[in-house]
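If you're matching positions, the sequence shown starts at 94 in my numbering and goes up one per residue.
Have a look at the structure below, then the notes.
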Amino acid sequence: SPADVAKLRLAMANARARFGGWQRLADAMGVHVDTLRGAGRYHTLTAGVAYRFARATGTTIEALLAAGLRVVEPPRGEGAA
């Protein structure tokens, strides 16, 4: 549904910041960066892309689509307090 696509696109945008860019996220998912950038906008957001995204982020598709607000701690770099 359009609502599910919007949720997944938002999750991907958030993950992009955590991974350090679209290219690093695409590498973790095993897809071309253009596939990731255009998913849900210029290309159909397929179940395969959603599955790869969930796997790369260590979660499930169901958790990504579930309603609710979750707080996720930002990754800590070496030497961070």
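The beta-carbon is built from N, C-alpha and C at its ideal position, and this holds for glycine as well.
Problem - CA-to-CA distance, A147 to A156, given in whole angstroms - result: 9 Å
Problem - Classification of A96 by the beta-carbon crowding that lies within 10 angstroms, buried from 16 upward - result: exposed
Problem - For L129 and G123, the rounded distance between their alpha carbons - result: 10 Å
Handout entry: Top-ranked residue by Cα proximity to A66, from T153, A143 and I154
Key = What is shown of the chain runs 94 to 174, which leaves residue 66 out entirely.
Practice task
Identify, in the order they occur along the chain, each residue of the same chain with its Cβ nearer than 8 Å to the Cβ of K100, setting aside the five sequence neighbours on each side.
Solution key: L157 and L158
Handout entry: Proximal residues to A106 (C-beta, below 6 Å), its chain only, five neighbours per side dropped
Key = none
Handout entry: Nearest residue (CA-CA) to G151, options A121, V126 and T139
Key = A121
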